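Here the structure is laid out as structure tokens; the discussion comes afterwards.
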Amino acid sequence: MRTTIKEPATIEGIGLHKGLPSKVTFRPADGATGYRFLGPAFAQPLPARLDRVSGTVRGTNITDGKNTLYTVEHLLSAAAGLGLDDLDIEISGEEPPAADGSALLFATALRKAGLREKPEQERKTLALTGQLEMSKDGIRYLARPMKDCVFIKLTYDYPHKLVGRQTIELMLTPEEYLVRVAPARTFGFSHELEALKKAGLALGGSLDNAIVIAENEVMAKGGLRFADEFARHKLLDLIGDLALTGLPLNNVYIEAERPGHAANVNFAKLLLEKAG
Ligand SMILES: [Zn+2]
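Everything in the sequence shown is counted per the working numbering, starting at 196 for the first residue and increasing by one.
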């Protein structure tokens, strides 16, 4: 049985990388159409799928060949984390609102919109039969079947005295996602900010929507929400990037060490190839 939302929900704000105003309206999807973006920029609905990925630098971008949508991973993470199968996403700009840098605004809007079950539609999931592994340059992923749950163990590791090595392990359910993953905010290092802005990224970035890590200080509005907020945000990103398979995770144990968007997308491709 597939699910979508009951009522539309709208959120507004500015995009993290482009810094421009953006409005997103989530709408119920009647068909088994997965996550699709609709908007003035797109002649056809743009499916959030791996074959549409056009960039993975500091975010995951998708394209219809003409127009690009930037930084879709937090929004997709919220939809997947809450267990939604089908969702139409109307978007006015080229990037969803950054909100507070986490997926909380998306997740709470979707939760409030309510869940609608579609008993007439069959739900296909990723079905892993054996173990998969992928590793390169210290980045490592593993997936293996695990009965009746989705369990993820993620390690973030960065050589900075205020970051170090953080590991988060959780059994992914909508409730766990909402409480332990969705609120984790994106972060950046102050020494990278100037280069990012020169590259046309993080233009909307501020302490309102990101944690900034300086040499001797972690600057986070209201303080860190979790001691391991960095690892949790990487988990949020991983869930969003894996949603691009178009199939929900099911009966699986996943490990990810030092994940990033490019590697997440490659791992998602491998999962889809072996278990789709
Ligand atoms: Zn992120």
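Just so you know, even glycine gets a beta-carbon here, dropped at the ideal spot from N, CA and C.
These numbers were taken from a predicted model, which means no experiment stands behind them.
Distance, Cα to Cα, residue 341 vs residue 448?
-> 6 Å
Go through the region 276 to 350 residue by residue and report every complete run of the beta strand (DSSP E) that reaches 3 residues or more, in order.
-> 282 to 286, 310 to 313, 327 to 331 and 334 to 340
Mind checking whether the beta-carbon of residue 381 lies closer than 7 Å to any heavy atom of ligand 1?
-> yes
At a cut of 8 Å, does the region 406 to 421 reach the region 215 to 227 through at least three beta carbon pairs?
-> no
Which class does residue 454 belong to by DSSP, given the choice of helix, strand or coil?
-> coil
Just to confirm, are residue 249 and residue 263 a CB contact at a threshold of 8 Å?
-> yes
In its own chain, which residues sit with a C-beta less than 6 Å from the C-beta of residue 467, not counting the 5 before and 5 after it?
-> 440
Within the same chain, show all residues whose beta-carbon is closer than 6 Å to that of residue 443, passing over the 5 residues directly before and after it, in chain order.
-> 320
Would residue 297 be called buried (16 or more neighbouring beta carbons within 10 Å of its own) or exposed?
-> buried
If you draw a straight line from the alpha carbon of residue 293 to that of residue 396, how long is it in whole angstroms?
-> 13 Å
Drop a sphere of 10 angstroms on the beta-carbon of residue 223, count the other beta-carbons inside from all chains shown, and report buried for 16 or more, exposed for fewer.
-> buried
Proximity to residue 208 [Cα-Cα], best of 290, 258 and 280 = 290
Put residue 409 into one of helix, strand or coil per three-state DSSP.
-> coil
Can you list the alpha helix (DSSP H) stretches of 4 or more residues lying completely in the region 221 to 287, in chain order?
-> 268 to 276
Quick one: give me the first and last residue of the beta strand (DSSP E) that residue 383 is part of.
-> 382 to 384
Segment limits, alpha helix (DSSP H) that includes residue 430 | 424 to 437
For residue 267, does the count of other Cβ atoms within 10 angstroms reach 16, so buried, or fall short, so exposed?
-> buried
Heavy atom of ligand 1 within 7 Å of residue 245 beta-carbon = no
Under 7 Å Cβ to Cβ from residue 312, same chain only, skipping five residues before and after it: list those, please.
-> 196 and 198
Measure the C-alpha to C-alpha separation of residue 410 and residue 386 and round it to an integer number of angstroms.
-> 8 Å
Could you give the DSSP three-state label for residue 202: helix, strand or coil?
-> coil
Smallest Cα separation from residue 243: which of 437, 425, 458 and 451?
-> 437
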